[in-house]
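Take a look at the structure set out below.
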Amino acid sequence: MTLVNIKGLKVSFRQHGGQIDAVRGVDIQLAEGESLGIVGESGSGKSVSCLALMRLLPNSATITADRLELDGVDVLKAKPRQMAALRGKVAALIFQDPATTFDPVFTIGHQMVETIRTHRDVSKETALGEAEQLLLKVEIKNAKDVLSYYPHQLSGGMLQRAMIAMALSCRPKVLIADEPTTALDVTIQAQILQLIKDLQAEMGMALIMITHDLGVVAETVDRVVVMYGGRVMEEGTVDQIFDTPKHSYTQSLLASLRAGESRRAEPGTGEPIAPALELRNLSKVYALRRRGRIFSTYVDFPAVRGVNLVLPRNKIVGLVGESGSGKSTTGMMAMRLLEPTAGQILVDGTDISKLDTGALKVFRRRMQVVFQDSYSALDPMMTLAQIIAEPLNIHGVKTPREQTEEALSWLERVGMDRSFGNRYPHELSGGQRQRVAIARALILGPSVLVADEPTSALDVTVKAQIIGLLKNLQKQMGLSMLFISHDLSVVRSLTDSVVVMYKGRVVEQAPTANIFANPRHPYTRSLLDAIPVTNPRDRRERSFITAEDITAGTPRLTRSSLAAEAAAGDIPQLVSVAPGHLVEAIVTN
Amino acid sequence: MIVYLIKRLLSVAVTFFIVSLVIFLMMHAVPGGPFTEKDMPLSEAVKAQLNARLGLDQPLWVQYTNYMVGVLQGNWGVPYQSPGETVISLLQQAWIPSLILGGSGVIIGAALGILIGMAAALRRNSWIDYLASTLSVLGLTIPVFVISMLLILIFAVWLNWLPASGWGKPERWILPIAAYAAIPLATYARYTRSAMLDTLNRPFVTALRAKGLSERRIIFQHVLRNSAIPMVTVFLPMFMGTATGSIFVEAMFRIPGLGSYFVSSIENRDYPLEMALVLMFTIGICFAYLISDIAYAWLNPRIRLGDDAK
């Protein structure tokens, strides 16, 4: 039976000075128990279509359709009360960012019980019992405690599990997941996708997976709808879409997904010049405040523990790890934007870790940074020309007229029109803002660039463009780049070597091809394993490893198997297993 | 919680002493004194005698210490302008009208403001939204003495519905209460509207709708509670803020309240009365903030439980 029947759906939003057509004639059908992926970048109308189906769009939206039916009910004609009865019961939604989709002032238990009791006439106690069972079902072990937690007390992954549990509480016929893993770490993403897949099979629900990530689609669904600019570009089974994409947009999506795979190991050329940037034993300890009864005590929390890292000239080094691994902290310390607790930072052979502000200013010209959130990284009150020219201004390079001229020519270099010089950041798209941030970072001609997750807030096609831009500029300018990311497919296509961080330590480092071909550390392996497949045929059951597994799985190597000399001992140390390939291991005789 | 309260109470005490010291020094730093009238100057001998009797000839730090010791024992001194009574007995008569009129004015104004603000947020861009915006702009831009004059002009002079001024019968209270209510009403309508709109635009509201909750439950259970968090921080401090408004309102409506003493005590260099008024106002503000902070923590689990509970 058809659960969702959408024919000729059009949605437009009234805005100042006209209207925006977000959806321009979309047909989507979904049968009971079926799983469907809707793929497209932001603005393609994929979320809007599903929100229209639930009639959850704001009043500024005008919805028209030949047919818009959910479980046989005409959504456009249904009364508010009828619609409320459908929501949560027939179709349940989970959203992108679980941290913002729970009401912050009520406990998880309260919000779950509320959902259950909205649709079914059961007592509070019964509902609470059911909520606990549901939390156990989504693999939350301390379910009883979690019921009394407030949303801010749970991690993103746990919250998304709780969100799924809440969505399942009334046994919906279809689960609509709107980018459910975009805000999560790659290892957590794999777990959540697996969970959704398992639950869907177990409960026999239909699934609509809305995503910009073809990898997520390859992992989870049977049928795919590709959307662009408010229209359906292509529709077919997941194999058809991946094997024989008809539409050029689908092809370009697939190309950017597979960009990382074609690279092969290049012959190493060992040139012993002083590296552009070297970190020696760099550490950062934060004092965490523990509230006591009368006095607060402070506990040392080592965010980064003795990191050694070499960034060779003209190379791109990827620094990967999940959030909390210390990779961004390391990057910020390398820029002296954060004071290291101990260790040295060598730029072109000079230690800058102890320099005062004045002496540091000279070095600031040589090292620049691009941040993840381009919106907050650009001053909203300045024009683009002012923003890009500001580094020249700070360092007193050239006359104001020349500065502006150079800023405008940099706009062109990063692929934007000179006429954008008078615009303000809020007028730009995310990709354009990131281009401006890159122009600002490079206008002084630095030798070192730290890019901290510069593409993780961007759509997949825009992401590919920005990566391409960074690659070209790196080549043209001979930049040495430290590329911080949790996105391993980007790292694979961009970097020369990779450093893997886990809990503030470097656990493995090697040329990029080696890392992907022959990962030695269990954490590296789990990171690689969590990358979504690029072909639906490669789908597999995944096993997830815990922190204990990683500790237990630390490689044990005999001294003879090492490529360089190291002393035996019980404490894990970073040893060389092949030229340029270091792994944290326990060395035995 | 108890530890937090003790810490906060200690900081109130510290604030109290700092304010008392600063005010005391400023008061004495201003040239002149209680007995330096230009029109009918007293002879030097009389002046010296008066100063000696009131202890004003002693060094400043002795005067300050004596005063503060008295205050801590509950003795706020004798006002110079009516030596027959104490500061406390004088203020006891005066604060009743101020509290009744000011208090009910603020409460009525705040309640109406919250209702109008809610209605404006829920019916955005409707007539009630425009009315709310107009009201809050008017309330915030027109000074309270102009509002008072307009009220008197319209309701007492033209329509002749209500008495223009005075104290005593309840019908005399209506106009001053309306004047007191104007600013809280405007401010609250504005705050409520923007706090509600902020909350309504947050993703969890869509998530609540997606769960199938009724609109009424979403508004009254979730949106109001979340909107209250930013609002509690302004509620009580503003309550104290109307005390300064009382200077104008009470003058316009000829109400024998605290307001007139704020001005006369400074004009007449009535040191004990001036100190008492400022210090009581200080304590009021301190406790208003303390209570707001407690309410804020109570409403917001992130503060109540700390951020590091992960």
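Just so you know, the protein sequences line up as chains A and B, in that order. Read in order, the letters of the first sequence are residues 1 to 589 in UniProt numbering. Read in order, the letters of the second sequence are residues 1 to 310 in UniProt numbering. Virtual Cβ for every residue (Gly too), placed ideally from N, Cα, C.
Other residues of its chain near residue i: CB distance less than 6 Å, five sequence neighbours each side excluded
i, result
"Gln194(A)", "Arg542"
"Gln153(A)", "none"
"Leu528(A)", "Pro519"
"Ser44(A)", "Met227, Tyr228"
"Ala439(A)", "Ile388, Trp410, Val414"
"Tyr249(A)", "Tyr228, Met233"
"Ala119(B)", "Ile128"
"Gly270(A)", "For Gly270(A), the predicted structure reports a pLDDT of 43, less than 50, and the residue's modelled location is therefore unreliable. The matter cannot be settled from this model."
"Lys47(B)", "Phe35"
"Asp57(B)", "Asn51"
Own chain partners of residue i with C-beta closer than 7 Å, once the 5 adjacent residues on each side are dropped
i, result
"His119(A)", "Gly88, Lys89, Cys170"
"Arg313(A)", "Ile273, Pro275, Ala276, Ser480"
"Tyr296(B)", "Ile229, Val232, Thr233, Ile303"
"Ile147(B)", "Ala179, Ala182"
"Gln403(A)", "Ala389, Leu392, Asn393"
Which listed residue (the options) has its alpha carbon closest to that of residue i
i, options, result
"Pro532(A)", "Thr512(A), His212(A), Met382(A), Gln432(A)", "His212(A)"
"Leu258(B)", "Arg269(B), Ala276(B), Tyr271(B)", "Ala276(B)"
"Tyr4(B)", "Asp496(A), Val285(A), Phe295(A)", "Phe295(A)"
"Leu338(A)", "Gly349(A), Leu282(A), Lys77(A), Val491(A)", "Leu282(A)"
"residue 323(B)", "Phe281(B), Thr187(B), Thr86(B)", "With chain B covering only 1 through 310, there is no way to say anything about residue 323(B)."
"Phe13(A)", "Glu34(A), Ile6(A), Ala52(A), Leu3(A)", "Ala52(A)"
"Phe498(A)", "Leu319(A), Thr341(A), Ser526(A), Ala517(A)", "For the sequence presented, residue 498(A) should be read as Val rather than Phe. Ranking Leu319(A), Thr341(A), Ser526(A), Ala517(A) by Cα distance to Val498(A) puts Leu319(A) first."
"Gly32(B)", "Arg269(B), Val278(B), Gly77(B)", "Arg269(B)"
"Ser374(A)", "Tyr424(A), Asp351(A), Pro340(A), Leu444(A)", "Tyr424(A)"
"residue 311(B)", "Phe239(B), Phe248(B), Tyr271(B)", "For chain B, the structure presents residues 1 to 310; residue 311(B) sits outside this window and is missing."
"Pro176(B)", "Ser214(B), Phe145(B), Gly113(B)", "Phe145(B)"
"Lys173(A)", "Glu179(A), Leu253(A), Val4(A), Lys124(A)", "Val4(A)"
"Arg366(A)", "Ser447(A), Tyr502(A), Val304(A), Leu288(A)", "Ser447(A)"
"Thr317(A)", "Ser47(A), Ala564(A), Ser485(A), Ala552(A)", "The residue asked about is misnamed: residue 317(A) is Val in this sequence, not Thr. It is Ser485(A)."
"Pro143(B)", "Leu290(B), Ile247(B), Leu56(B)", "Ile247(B)"
"Ile294(B)", "Phe235(B), Pro41(B), Ala45(B), Leu54(B)", "Phe235(B)"
Beta bridge counterpart(s) of residue i as assigned by DSSP
i, result
"Phe13(A)", "Ile20(A), Ala61(A)"
"residue 590(A)", "Residue 590(A) cannot be examined here, being either before or after the span of chain A that is shown, 1 to 589."
"Ile345(A)", "Leu279(A)"
"Thr350(A)", "Val347(A)"
"Ser480(A)", "Val448(A)"
"Val587(A)", "Leu557(A), Gly569(A)"
"Arg217(B)", "Partner(s): none; Arg217(B) has no beta bridge."
"residue 599(A)", "Beyond the ends of chain A as shown, which are 1 and 589, falls residue 599(A); an answer cannot be given."
"Ala206(A)", "Val174(A)"
"Thr182(A)", "Answer is none; Thr182(A) lacks a bridge partner."
"Lys7(A)", "Arg67(A)"
"Glu427(A)", "Answer by DSSP bridge pairing: none, since Glu427(A) is not bridged."
"Val137(B)", "Paired residue(s): none; Val137(B) is not in a bridge."
"Ser576(A)", "Leu582(A)"
Close Cβ partners of residue i (< 8 Å) along its chain, the five nearest in sequence each way excluded
i, result
"Arg264(A)", "Residue confidence is low: Arg264(A) scores 40 on pLDDT, short of 50, so the model does not pin down where it sits. Its coordinate-derived value is still stated next. Only Ala513 meet the Cβ criterion."
"Gly157(A)", "Leu184, Asp185, Ile188, Gln191, Ile192"
"Gly268(A)", "Confidence in Gly268(A) is poor, its pLDDT being 42 and thus under 50, which makes the residue's placement too unreliable to answer from."
"Ile2(B)", "none"
"Val500(A)", "Val320, Gly321, Val506, Val507, Glu508, Gln509, Ile515, His521, Tyr523, Thr524, Leu527"
Residue i: CB within 7 Å of a non-hydrogen atom of the ligand COA
i, result
"Arg433(A)", "Although the ligand COA was asked about, the structure shown includes no ligands whatsoever."
### Query
Using Cβ-Cβ distances below 9 Å, what residues of the segment 129-150 of chain A are close to chain B?
Tyr149, Tyr150
#### Entry: Against chain A: residues of the segment 176-206 of chain B by CB proximity under 7 Å
Of all residues in the segment 176-206 of chain B, Arg202, Pro203, Phe204, Thr206 have a Cβ within less than 7 Å of some Cβ in chain A.
### Task
Please name the residues in the segment 93-126 of chain A whose beta-carbon is closer than 9 Å to at least one beta-carbon of chain B, in chain order.
Leu93, Ile94, Phe95, Gln96, Asp97, Thr100, Thr101, Phe102, Asp103, Pro104, Val105, Phe106, Thr107, Gln111, Glu114, Thr115, Thr118, His119
### Message
Ignoring anything shorter than 4 residues, give me the alpha helix (DSSP H) runs that lie fully in the segment 31-100 of chain A, in order along the chain.
### Response
46-53, 80-86
### Near-chain B residues of the segment 49-61 of chain A (beta-carbon distance less than 7 Å), N- to C-terminal order
Met54, Leu56
### Task
Can you check the segment 217-294 of chain B for any alpha helix (DSSP H) of at least 4 residues that lies completely inside it and give the ranges in chain order?
Counting only runs of 4 or more residues that sit fully inside the segment 217-294 of chain B, the alpha helix (DSSP H) segments are 224-253, 259-267, in chain order.
### Task
Select from the segment 149-164 of chain A all residues with a C-beta closer than 9 Å to any C-beta belonging to chain B, and list them in chain order.
Tyr149, Tyr150, Pro151, His152, Gln153, Leu154, Ser155, Met163
### Minimum length 4: unbroken alpha helix (DSSP H) runs contained in the segment 110-134 of chain B
none
### Interfacial residues, the segment 11-29 of chain B to chain A, with Cβ spacing under 8 Å
none
#### Entry: Residues from the segment 354-373 of chain A in contact with chain E, defined by Cβ distance under 8 Å
Considering every chain present, this structure includes no chain E. Its protein chains are A and B.
### Query
Between the segment 85-100 of chain B and chain A, which residues of the former have CB atoms less than 9 Å from a CB of the latter, in chain order?
none
### Message
Closer than 8 Å between beta carbons: that is the criterion. Which residues of the segment 287-301 of chain B meet it against chain A?
### Response
Of all residues in the segment 287-301 of chain B, Leu299, Asn300, Pro301 have a Cβ within less than 8 Å of some Cβ in chain A.
### Query
What runs of the beta strand (DSSP E), each 3 residues or longer, lie entirely inside the segment 477-517 of chain A?
480-485, 497-502, 505-511
### Task
Taking only beta carbons into account, state which residues of the segment 73-88 of chain A come closer than 9 Å to chain B, listed in chain order.
The residues in question are Pro80, Arg81, Met83, Ala84, Ala85, Leu86, Arg87, Gly88.
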